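Counting from 8, one number per residue, gives the positions in the sequence shown under the working numbering.
We treat Cβ as the ideally placed atom computed from N, Cα and C, and that holds for glycine.
Quick caveat, the model's predicted, so the values are computed rather than measured.
Notes for the one structure printed next.
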Amino acid sequence: MMRITVWFHAICPLTDWEALGVTGWNWSIIQDAVKASEAWSPPSDYAMKHHADNNAEEHGRNGYVKTTAYSYYFDLALPFFKTLNEMGVATNMSESSGDLIGIWTYTASIDPVTGSRSYSTNAYYDHVADRPNIVVLTGAHVTRVLLDDNMNGPKRAQGVEYSVGGQVYSAGALREVIISAGALQTPQVLELSGIGNPDIMRRLNIPVKVDLPGVGENLQDHFTVRMGAELRGIHETVDDLSLDTFAEEKLKQYKQSKSGMLSSTLSTLVFLPAQAFIGPDVMKTMLDSLDKALRDTTMQNSPWRQVYEVQRSWLEKNGVAQLEMILFPSYQHASCTTENARHYTLSVFLQHAWCRGHVHAVSPSALDPPEIDLGTLRSPGDIGKYHYMIMLVEAIKYAFKVMQTGPLGEETAKIIEPLPTWSDSELREYVRTNVISAFHPIGTASMLPRSQNGVVDNNLKVYGTSNLRVADASIFPIHLGTHPQATLYGLAHRAVDIIKQKASL
Ligand SMILES: Cc1cc2nc3c(=O)[nH]c(=O)nc-3n(C[C@H](O)[C@H](O)[C@H](O)COP(=O)(O)OP(=O)(O)OC[C@H]3O[C@@H](n4cnc5c(N)ncnc54)[C@H](O)[C@@H]3O)c2cc1C
8 MMRITVWFHA
18 ICPLTDWEAL
28 GVTGWNWSII
38 QDAVKASEAW
48 SPPSDYAMKH
58 HADNNAEEHG
68 RNGYVKTTAY
78 SYYFDLALPF
88 FKTLNEMGVA
98 TNMSESSGDL
108 IGIWTYTASI
118 DPVTGSRSYS
128 TNAYYDHVAD
138 RPNIVVLTGA
148 HVTRVLLDDN
158 MNGPKRAQGV
168 EYSVGGQVYS
178 AGALREVIIS
188 AGALQTPQVL
198 ELSGIGNPDI
208 MRRLNIPVKV
218 DLPGVGENLQ
228 DHFTVRMGAE
238 LRGIHETVDD
248 LSLDTFAEEK
258 LKQYKQSKSG
268 MLSSTLSTLV
278 FLPAQAFIGP
288 DVMKTMLDSL
298 DKALRDTTMQ
308 NSPWRQVYEV
318 QRSWLEKNGV
328 AQLEMILFPS
338 YQHASCTTEN
348 ARHYTLSVFL
358 QHAWCRGHVH
368 AVSPSALDPP
378 EIDLGTLRSP
388 GDIGKYHYMI
398 MLVEAIKYAF
408 KVMQTGPLGE
418 ETAKIIEPLP
428 TWSDSELREY
438 VRTNVISAFH
448 PIGTASMLPR
458 SQNGVVDNNL
468 KVYGTSNLRV
478 ADASIFPIHL
488 GTHPQATLYG
498 LAHRAVDIIK
508 QKASL
């Protein structure tokens, strides 16, 4: 089946980056950069009947990553729309404008001609692979950036050291070195190069070159809890793929015409502000305790204070989504209760969780994986633990209403787990044991002022160096409130502009 290919980005979190001291990265700059990366094709009439976005002026047409709407929709998509509409959630037909609130059908990074995923290799690399000045080395693991020992100014990256098949090599850099190892591995490369928290590097016997305590900190993710239900009536769901003949038939269809169930995946997303799923009393209690925690001396003296304050302001903004809900047409999180039954899973995702984790090297060898601690139930002053739990429990209760209302409610034979009859403490226990990452890590080499634990400046340059940049999800200082790929392609285009501008000086 197609891997998830969700393509969109959100306006509000980006407009607030400037409040964090980040300049030159506002919504219109990012929106232009995302459009430069995109080659959008309008949706078919069939996709339009499933509320696909046909907002041409908000999409890029001449870029690289092919995007369009799916050519197959599961039969639960429209009942899901009707249920949410009945609950007062409007259908949003132009999420590409950056306003994500409502229920909508997403644009996917799919080539409408080949029916396959469009991604960095086929969208960019394949077109330039023959150029003599581009060499891509696969199977090579960067072990560190080679920095000079300049004691009187910024360190210069002279190249990188890398390992292939147990042999260590180095490649020199005349101009710049750019790290794009992702939020979970960029900090390790920085630390092994001598850039990061001196205490961590000394423990690993790595000579300290640049003191940057923010490296590897501020790890943020989207956290999700899944809720399962059994369907009544006849439905085509992903459960059917467990039947060999059905799976073979769908594979044949996909191979022959790039259509059918395997050309698609879940298609419908719901984004809601806090007020839509947290009642006024719980909201007041939560905000009071959050404000108290933010006034605490530890938080007032924390270099991350401004990031938390911006995040706090979003709880009362109608335009900032705090909850994402996805309906997946199969049972995803436990064994099925009734053999041959059809199921759906409703997943709730926190867009701006209060917890913070970290990722750090644990040995001087780049081949040893770093320690990744998502900090799922933690953050300074325990802000994360309490508020994150309240928000997830309220999200689950809202999702119960969705499962019991309108056309989706009529199709729901029974809710399997968790159950609407459970007490708050049972739901909290369910969250504790079932919460997982949505694989959207960011923030571990944040673009912030150095005094606020920033790792890169507004030009993506690592503080304390003259020619080392980071361009990946680790530079986002606060969560985007979206699936990250569209913003990441925009980031890559913006990085190119910055680097070309510098090269022409
Ligand atoms: C299963 C899954 C589904 C997803 N679906 C979606 C979706 O539908 N929509 C969406 O918006 N987002 C989605 N995401 C999230 C999205 O893939 C990530 O946010 C995005 O890929 C992050 O990009 P990046 O460039 O920061 O890092 P990455 O894409 O992780 O790239 C980092 C690269 O660096 C390499 N690397 C790391 N360390 C080294 C080293 N030392 N030497 C050499 N190379 C190294 C890695 O192998 C990797 O190839 C999904 C993620 C997962 C896991």
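Residue i in three-state terms, based on DSSP
i, result
"G364", "strand"
"V503", "helix"
"T304", "helix"
"M8", "Note that M8 has pLDDT 47, beneath the 50 cutoff, so the model's placement of it is unreliable and the number below is only indicative. It is coil, neither helix nor strand."
"F335", "strand"
"S123", "strand"
"I117", "strand"
"L269", "helix"
"E224", "coil"
"Q508", "helix"
"A188", "coil"
"M100", "coil"
"M158", "coil"
"R151", "strand"
"L211", "coil"
"I482", "helix"
"I241", "coil"
"V5", "Absent from the model: residue 5. The displayed extent of the chain is 8 to 512, so no value can be given."
"W47", "strand"
"Y169", "strand"
Best match in the options for proximity to residue i [C-alpha to C-alpha]
i, options, result
"W321", "A502, P86 and H486", "H486"
"D52", "R363, A76, I36 and A46", "A76"
"P194", "D479, Y79 and P214", "D479"
"A452", "L434, P214, N99 and G364", "G364"
"L279", "D298, I403, Y393 and L107", "L107"
"T244", "N308, Q174 and H350", "H350"
"A59", "A420, T112, P484 and P491", "T112"
"Q313", "W32, G461, F81 and S481", "G461"
"V409", "I333, W429 and I397", "I333"
"E417", "D39, K89, L27 and P20", "K89"
"V222", "A510, F483 and T74", "F483"
"R435", "V463, P448, L399 and R457", "L399"
"S354", "H66, Y405 and L258", "Y405"
"A328", "V167, I186 and A281", "A281"
"T150", "E168, A190 and P310", "E168"
"S116", "R182, S48 and D380", "S48"
"F230", "K42, L330 and E237", "L330"
"K42", "I110, T30, G28 and G67", "G67"
"E323", "S511, L250 and D298", "D298"
"P371", "V217, N129, V196 and A493", "V196"
"S444", "Q174, T292, I506 and D228", "D228"
"I449", "F81, V232 and L495", "L495"
"G235", "R476, F335, D155 and Y80", "F335"
Residue i - containing alpha helix (DSSP H), residue span
i, result
"G413", "G413 to E418"
"V283", "Val is not the amino acid found at residue 283; the sequence shown has Ala there. Where A283 is concerned, the enclosing alpha helix (DSSP H) stretches over A281 to F284."
"Y53", "D52 to K56"
"V196", "T193 to L199"
"E255", "D251 to S264"
Buried versus exposed, by CB contacts within 10 Å (16 or more), residue i
i, result
"M158", "exposed"
"P86", "buried"
"Y261", "buried"
"P214", "exposed"
"P50", "buried"
"T121", "exposed"
"S200", "buried"
"E25", "exposed"
"D133", "exposed"
"I241", "exposed"
"P20", "buried"
"S35", "exposed"
"T352", "buried"
"E45", "buried"
Start-to-end residues for the beta strand (DSSP E) that takes in residue i
i, result
"L238", "F230 to L238"
"F88", "That residue, F88, is in no beta strand (DSSP E); its alpha helix (DSSP H) goes A84 to E93."
"W513", "Any question about residue 513 goes unanswered here, given that the chain covers just 8 to 512."
"S514", "What is shown of the chain runs 8 to 512, which leaves residue 514 out entirely."
"Y437", "Run containing Y437: none in the beta strand (DSSP E); it sits in the alpha helix (DSSP H), D431 to N441."
"K73", "V72 to T74"
"V355", "H350 to L357"
"V175", "Q174 to G179"
"T22", "No beta strand (DSSP E) holds T22; the alpha helix (DSSP H) holding it covers I18 to T22."
"V327", "Neither: V327 is in no beta strand (DSSP E) and is coded neither H nor E."
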